[in-house]
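Student:
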Amino acid sequence: MAKIPHRLYLTEEQMPSKWYNLRADMKEQPDPMLNPGTFKPTAEEDLYPVFCKKLAHQEMDAETKYVDIPEEIQDFYKMYRPSPLIRAYNLEKALGTPAKIYYKFEGNNTSGSHKLNSAVAQAYYAKEQGLTSLTTETGAGQWGTALAEACSYYNIPLTVYMVKCSYEQKPFRKSIIQTFDATIIPSPSETTNAGRKILAENPGTGGSLGCAISEAVEKAVTTEGCRYVLGSVLNQVLLHQSVIGLETKTAMEILGEYPDIIIGCAGGGSNLGGLIAPFMQDKLLGKADPRIIAVEPASCPSLTRGKYAYDFCDTGKVTPMARMYTLGSSFIPSANHAGGLRYHGMSPILSKLYHDGYMEAVAVEQTKVFEAACLFAKQETILPAPESSHAIRTAIDEALKCKETGESKTILFGLTGTGYFDMMAYNAYLEGKMTDYIPTDEDLEMGFSQLPKIPGIQE
Ligand SMILES: Cc1ncc(COP(=O)(O)O)c(C=O)c1O
Numbered sequence: 001m002a003k004i005p006h007r008l009y010l011t012e013e014q015m016p017s018k019w020y021n022l023r024a025d026m027k028e029q030p031d032p033m034l035n036p037g038t039f040k041p042t043a044e045e046d047l048y049p050v051f052c053k054k055l056a057h058q059e060m061d062a063e064t065k066y067v068d069i070p071e072e073i074q075d076f077y078k079m080y081r082p083s084p085l086i087r088a089y090n091l092e093k094a095l096g097t098p099a100k101i102y103y104k105f106e107g108n109n110t111s112g113s114h115k116l117n118s119a120v121a122q123a124y125y126a127k128e129q130g131l132t133s134l135t136t137e138t139g140a141g142q143w144g145t146a147l148a149e150a151c152s153y154y155n156i157p158l159t160v161y162m163v164k165c166s167y168e169q170k171p172f173r174k175s176i177i178q179t180f181d182a183t184i185i186p187s188p189s190e191t192t193n194a195g196r197k198i199l200a201e202n203p204g205t206g207g208s209l210g211c212a213i214s215e216a217v218e219k220a221v222t223t224e225g226c227r228y229v230l231g232s233v234l235n236q237v238l239l240h241q242s243v244i245g246l247e248t249k250t251a252m253e254i255l256g257e258y259p260d261i262i263i264g265c266a267g268g269g270s271n272l273g274g275l276i277a278p279f280m281q282d283k284l285l286g287k288a289d290p291r292i293i294a295v296e297p298a299s300c301p302s303l304t305r306g307k308y309a310y311d312f313c314d315t316g317k318v319t320p321m322a323r324m325y326t327l328g329s330s331f332i333p334s335a336n337h338a339g340g341l342r343y344h345g346m347s348p349i350l351s352k353l354y355h356d357g358y359m360e361a362v363a364v365e366q367t368k369v370f371e372a373a374c375l376f377a378k379q380e381t382i383l384p385a386p387e388s389s390h391a392i393r394t395a396i397d398e399a400l401k402c403k404e405t406g407e408s409k410t411i412l413f414g415l416t417g418t419g420y421f422d423m424m425a426y427n428a429y430l431e432g433k434m435t436d437y438i439p440t441d442e443d444l445e446m447g448f449s450q451l452p453k454i455p456g457i458q459e
């Protein structure tokens, strides 16, 4: 048999022309979003003031299994996709493992991550609807960059609220977002009611994704012709990100491979949801049974230590409530945690699948994550993003287990992005100054105690 190449790129013709909607194959649906005023299930029209209409439709549509990717979006994708499926030969050798390790590398675009896959879709639909501006939040900066890139392409003015501690740690993210003509504001800020309230309660806060979402939503609903765009968590974002998994599955079929274990880092769940989508379909339909592992930071452990409960998607409590694994929308992770994956909740789709036993989750400490990142960089010559390195850590751990047992499992993980803007964090690690923060049960109780009370549903 021919040797498996280091990198497999599909041809443009082999790229997917439809996204896959995992909900269509789920035996049980995630619980409906609730309107925080009435506690009634949110209707598609309720979302129109916040999201553009096509996206609101995608958010609510649990039936359409395959959604056509508009040709303009397919053309944009071709500027940076297909992304390669890479066999980590050197990493395997360095670990001395009989396991076969593959990774899907999504960092080959200016945002440095998978985020552009959804950003271009959301900007396209906003343009189609004739919207005149957009707002968003960004944690580590990849999403803000991706959306700035997409909005600049479609000529839509964009305001990005960036989590303050990341804004300060990564000054060049600001420059790149401004290169694409977007406005960037550190959050919490004095520009919105939500920001002012959070600052009054917690003046020294480094911010959180939840705070930044509140600010961006407020700006959208108070500005004519403006809508809000979110880069993770939502069903529509997982739909767009299914392009990652669809390409991966085709590439693995070409190689005659199928993963025994699929691993992805989990912030709000978009890359993981995208990568696993067609494999989870096989699992749901009883065609295959790969292990699927979500990897989260020990400092923000929504799946492993959170509660499966209705909660707000933001700190300011302006969004609809979703049932998901959450640490409570008031939970603000320690500022010493590098980069993304700082979100208090988790995609409702992934939360439901995890709750129903279709996937596993592990939490890893950041010094161990950076140890894995450095080993990976040296072996594979890609400097990984801290977020992606959570998946690398667990892939290495699983490969080392194979070394002990002698099993030659096929391990697939998502390398979601590059870490060139994360050198402060790499420096902290290399200088031995990085510490691990694990919240105590009491810390978590504070977040849980503020979960919303919903008569008859969550008392
Ligand atoms: C490189 C990278 N990977 C992963 C994530 C996590 O997001 P998600 O869970 O939505 O994929 C982020 C979020 O900022 C990111 O920038």
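Last residue of the sequence shown: 459 in full-length UniProt numbering, with the numbers rising by one and none dropped. Think of the CB as a built atom: it goes at the ideal place given N, C-alpha and C, for glycine as much as any other residue.
#1: May I ask which residues mark the beginning and end of the beta strand (DSSP E) holding residue 483?
#2: Within 10 angstroms of its Cβ, does Ser-41 collect 16 or more other Cβ (buried), or is it exposed?
#3: Within the same chain, show all residues whose beta-carbon is closer than 8 Å to that of Ile-454, passing over the 5 residues directly before and after it, in chain order.
#4: What distance in whole Å lies between the Cβ atoms of Asn-271 and Gln-241, which are believed to be in contact at a cut-off of 8 Å?
#5: Ligand 1 heavy atoms versus the CB of Cys-265: any closer than 7 Å?
#6: Using a Cβ-based criterion (distance less than 7 Å to any ligand heavy atom), does Ser-270 qualify as near ligand 1?
#7: Among all the DSSP beta bridges, which residues are the ones paired with Cys-226?
#8: What number of angstroms, rounded off, separates the C-alpha of Gly-357 from the C-alpha of Ser-449?
#9: Please list the terminal residues of the continuous alpha helix (DSSP H) segment that includes Leu-54.
#10: Are the Cβ atoms of Ser-133 and Thr-223 separated by less than 8 Å?
#11: Taking 7 Å as the cut-off, is the CB of Ser-232 close to at least one heavy atom of ligand 1?
#12: For Glu-13, is the classification buried or exposed, using 16 other Cβ atoms within 10 angstroms of its Cβ as the cut-off for buried?
#13: What residues in its chain sit with their C-beta under 7 Å from that of Cys-313, if we drop five residues either side in the sequence?
#14: I'd like the span of the alpha helix (DSSP H) that includes Ala-294, first residue to last.
#15: Three or more C-beta pairs closer than 8 Å, one from the segment 45–55 and one from the segment 364–378: is that the case here?
#16: Can you tell me whether Cys-265 is helix, strand or coil according to DSSP?
#17: Buried or exposed: where does Asp-181 fall if 16 or more other Cβ atoms within 10 Å of its Cβ makes it buried?
#18: Quick check on Ile-106: does DSSP put it in helix, strand or coil?
#19: Identify, in the order they occur along the chain, each residue of the same chain with its Cβ nearer than 6 Å to the Cβ of Pro-36, setting aside the five sequence neighbours on each side.
#20: May I ask whether a heavy atom of ligand 1 can be found less than 7 Å away from the beta carbon of Thr-416?
#21: Answer yes or no: do Gln-142 and Lys-115 have a C-beta to C-beta separation smaller than 8 Å?
#22: Measuring CB atoms only, is the segment 120–133 touching the segment 250–259, in the sense that at least three cross pairs come out at less than 8 Å?
#23: Going by alpha carbons, who is nearest to Ala-363 out of Asp-397, Ala-385 and Lys-378?
#24: Assign Ala-2 to one of two classes, buried (16 or more other C-beta atoms within 10 Å of its C-beta) or exposed (fewer than that).
#25: With H, G and I counted as helix, E and B as strand and the rest as coil, what does DSSP make of Asp-397?
Tutor: The relevant details are as follows:
#1: Residue 483 is absent from the structure shown; the chain starts at 1 and stops at 459.
#2: Taking the sequence shown and counting its residues from 1, one reaches residue 41 at position 41. Note on identity: in this sequence residue 41 is Pro, with Ser being the wrong assignment. By the Cβ neighbour-count rule, Pro-41 is exposed, with fewer than 16 other Cβ atoms within 10 Å of its own.
#3: Translated into positions along the sequence shown, residue 454 becomes position 454. Excluding the 5 residues flanking it on each side, Ile-454 has same chain C-beta neighbours closer than 8 Å at Leu-34, Phe-39, Tyr-310 and Met-321, in chain order.
#4: As a working mapping, residue 241 is identified with position 241 in the sequence shown. As a working mapping, residue 271 is identified with position 271 in the sequence shown. Indeed they touch by this definition, with Cβ atoms about 6 Å apart.
#5: Taking the first residue of the sequence shown as 1, we reach residue 265 at position 265. The closest heavy atom of ligand 1 lies less than 7 Å from the beta carbon of Cys-265.
#6: In the sequence shown, residue 270 corresponds to position 270, counting from 1. Yes, the beta carbon of Ser-270 sits closer than 7 Å to at least one heavy atom of ligand 1.
#7: Here the question's residue 226 lines up with position 226 in the sequence shown. Beta-bridge partners assigned by DSSP to Cys-226: Ser-133.
#8: For this step, residue 357 is matched to residue 357 along the sequence shown. For this step, residue 449 is matched to residue 449 along the sequence shown. Taking the straight line joining both Cα atoms gives about 26 Å.
#9: Along the sequence shown, one-based indexing puts residue 54 at 54. The residue you asked about is not Leu; residue 54 is Lys in the sequence shown. For Lys-54, the enclosing alpha helix (DSSP H) has its first and last residue at 53–60.
#10: Here the question's residue 133 lines up with position 133 in the sequence shown. Here the question's residue 223 lines up with position 223 in the sequence shown. Yes; because the gap between Cβ atoms is below 8 Å, this pair is in contact.
#11: Translated into positions along the sequence shown, residue 232 becomes position 232. Checking the Cβ of Ser-232 against ligand 1 gives yes.
#12: The sequence position of residue 13 within the sequence shown is 13, counting from 1. Counting Cβ neighbours within 10 Å, Glu-13 comes out exposed, since fewer than 16 surround it.
#13: Your numbering for residue 313 matches position 313 in the sequence shown. Contacts found: Ile-213, Val-233, Thr-319, Ala-322 and Gly-345.
#14: Sequence index remark: in the sequence shown, residue 294 carries index 294 (1-based). Boundaries for Ala-294: no alpha helix (DSSP H) harbours it, while the beta strand (DSSP E) harbouring it runs 291–297, taken from the DSSP string.
#15: These segments do not touch.
#16: As a working note, residue 265 is residue 265 in the sequence shown. The answer is strand: DSSP assigns Cys-265 an E or B state.
#17: Position 181 of the sequence shown, counted from the start, is the residue given in the question as residue 181. Exposed, by the Cβ-count rule.
#18: Within the sequence shown, numbered from 1, the residue matching residue 106 stands at position 106. One detail in the question is off: residue 106 reads as Glu in this sequence, not Ile. In the structure shown, Glu-106 falls within a coil segment according to DSSP collapsed to helix, strand and coil.
#19: Along the sequence shown, one-based indexing puts residue 36 at 36. The answer, listed in chain order, is Met-321.
#20: On the sequence shown, position 416 is the one that residue 416 refers to. Because some heavy atom of ligand 1 lies under 7 Å away, the Cβ of Thr-416 counts as near it: yes.
#21: Position 142 of the sequence shown holds residue 142. Position 115 of the sequence shown holds residue 115. Yes, they are a contact pair.
#22: In the pairwise beta carbon analysis, the segment 120–133 is classified as not touching the segment 250–259: fewer than three pairs are separated by under 8 Å.
#23: Translated into the one-based positions of the sequence shown, residue 363 becomes position 363. Selected option, being the one with the closest Cα: Asp-397.
#24: If you number the sequence shown from 1, residue 2 lands on position 2. Ala-2 should be labelled exposed.
#25: Looking up residue 397 in the sequence shown gives position 397. In the structure shown, the three-state DSSP call for Asp-397 is helix.
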